[in-house]
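Colleague: Handing you this structure, nothing more for now.
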Amino acid sequence: MTDTDTQRSVSAPTTDEARRDVIRASVVTVSEIACVAGTLLGVGVFGGEPVQQAAGGALSADATLIAPAGSAFSIWSVIYLGLAIYTVWQWLPANLHAELHRRIGWLVAASMLLNAGWLLVVQAGWLWPSVVVILALTVVLGLIIKARAGTRAGGTADAVIVDGTFGLYVGWVSVATCANITAALVDAGVEPGPAMAQVIAALVLVVALGIGVVLARVSSGNPGIGLAMAWGIAWIAVGRLSGEPASTSTGVVAAVVAVGILAVFGIEFFRRFARGRVGNG
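Numbering-wise (the working numbering), the sequence shown opens with residue 33 and increments by one.
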């Protein structure tokens, strides 16, 4: 028996492992269908209100100082496309029994269900429960990123699909979580006054930068995370500098933080490149 044959025999899944892999992939597929259905409900296709109009408009682009301008939400189209591609990708023979997909598959399914759940909760007008759901979603996505960081991908395409999809996903949701919490507080009647509101908004943006630093280190500079976070925060800057509620200070801080996040992820990515970990790392 050659070394290659030995490697194949060792890596071949047992009957029980193969069955569990098929069950996992099936759950991911069903969860993707539920995610798509929840999304269609969230944008009003099934008669519900679009997210920005639900819950009395608390999550609209002009509801708080931390709300991104409306165009920012177009990133969801890319994320949903990535999730659809991943759902098909995980079924390929080379991936179905791979360690990476075994480690992240159930978490991916959970993230899809939480995504749909968040939309349903918002449609019901329950802002604080929506905060709980999006925090849970953030944690699950963070676990996916952590699992990916500790597991080699099956090749360049595998790395791009996983890192790209879930990098954008966790990056955007991190920003959306800050906006969601702020919206819930404002809706609950927390009104610190214009000056203090701008100070608090700046502090929230600094916290977002701190989260970006942590994610950059954990993910070794996953570009998707940095791009999604910078995208969301840059649109906060656009919203405050050219829309309502207007706030030059918040807009400037947001712009600086967006650039800072790109810089942090760029540094970590090139450190990863220097270590030769791009692609499978």
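Yeah, the Cβ is synthetic: ideal placement off N, Cα and C, and Gly gets one too. Nothing here was measured: the structure is a model prediction, and the numbers come from that model.
Measuring straight from C-alpha to C-alpha, what distance separates valine 285 and phenylalanine 105?
Modeller: Near 21 Å, if we compare the C-alpha coordinates of phenylalanine 105 and valine 285.
Colleague: Please go through the same chain and pick out, in chain order, the residues whose beta-carbon is closer than 7 Å to the beta-carbon of alanine 141, but skip the five residues on each side of it.
Modeller: Within the same chain, Val59, Val60, Ser63 come within 7 Å of alanine 141 by CB-CB distance, once the 5 residues on both sides are set aside.
Colleague: Using a Cβ-Cβ cut-off of 6 Å (strictly less than) and excluding sequence neighbours within five positions of alanine 234, which residues of its own chain qualify?
Modeller: Contacts found: Val285.
Colleague: Please classify serine 299 as buried or exposed, where buried requires at least 16 other C-beta atoms within 10 Å of its C-beta.
Modeller: Before going on, a small fix: residue 299 reads as isoleucine here, not serine. With fewer than 16 other Cβ atoms within 10 Å, it is exposed.
Colleague: Does the beta carbon of valine 172 sit closer than 8 Å to a beta carbon anywhere in chain C?
Modeller: Protein chain content of the structure displayed is limited to a single chain, and chain C is not contained in it.
Colleague: Between Ser143, Ala90, Ala215, Gln84, which lies nearest to cysteine 67 when the distance is taken from Cα to Cα?
Modeller: Cysteine 67 has its Cα closest to that of Ser143, out of Ser143, Ala90, Ala215, Gln84.
Colleague: Using the three-state DSSP reduction, which class does glutamate 49 fall into: helix, strand or coil?
Modeller: helix
Colleague: Would you mind giving the Cβ-Cβ distance between valine 289 and isoleucine 265, rounded to the nearest angstrom? I have them listed as a contact below 8 Å.
Modeller: 5 Å
Colleague: Within 10 angstroms of the Cβ of valine 172, are there 16 or more other Cβ atoms? Answer buried if so, exposed if not.
Modeller: Looking at its Cβ environment, which holds 16 or more other Cβ atoms inside 10 Å, valine 172 is buried.
Colleague: May I have the straight-line CA-CA distance separating isoleucine 111 from alanine 227, to the nearest angstrom?
Modeller: 36 Å
Colleague: Excluding five sequence neighbours on each side, which residues of the same chain lie with their C-beta closer than 6 Å to the C-beta of isoleucine 213?
Modeller: Val163
Colleague: Assuming valine 248 and phenylalanine 297 make a contact with CB atoms under 8 Å, what is their CB distance in whole Å?
Modeller: The amino acid at residue 248 is misidentified as valine; the sequence shows alanine. 5 Å between Cβ atoms; contact.
Colleague: Can you give the Cα-Cα distance for alanine 185 and leucine 167, rounded to whole angstroms?
Modeller: So the alpha carbons of these two residues sit roughly 27 Å apart.
Colleague: Keeping to the same chain, check which residues put their C-beta closer than 6 Å to that of alanine 87; ignore five residues upstream and five downstream.
Modeller: Val154, Gly157, Leu159
Colleague: Can you tell me whether valine 42 is buried or exposed? The criterion is at least 16 other CB atoms within 10 Å of its CB, across all chains shown.
Modeller: Note that valine 42 scores a pLDDT of 39, beneath 50, so its modelled location is shaky and nothing firm can be said.
Colleague: Answer yes or no: do alanine 211 and threonine 96 have a C-beta to C-beta separation smaller than 8 Å?
Modeller: yes
Colleague: Roughly how many angstroms separate the alpha carbons of asparagine 254 and aspartate 195, rounded to a whole number?
Modeller: Each residue's Cα considered, the two are about 7 Å apart.
Colleague: What residue range is occupied by the uninterrupted alpha helix (DSSP H) comprising glutamate 131?
Modeller: For glutamate 131, the enclosing alpha helix (DSSP H) has its first and last residue at 131–155.
Colleague: Could you name each continuous alpha helix (DSSP H) segment of 4 residues or more that falls completely within the segment 71–138, going from the start of the chain to the end?
Modeller: The alpha helix (DSSP H) runs of length 4 or more contained entirely in the segment 71–138 are, from start to end of the chain, 107–121, 125–128.
Colleague: Evaluate the contact criterion for the segment 267–275 versus the segment 70–88: three or more CB pairs, one atom per stretch, below 8 Å.
Modeller: no
Colleague: Take the Cβ of phenylalanine 301 as the centre, count every other Cβ of all protein chains shown within 10 Å, and call the residue buried at 16 or more, exposed below.
Modeller: Classification for phenylalanine 301: buried.
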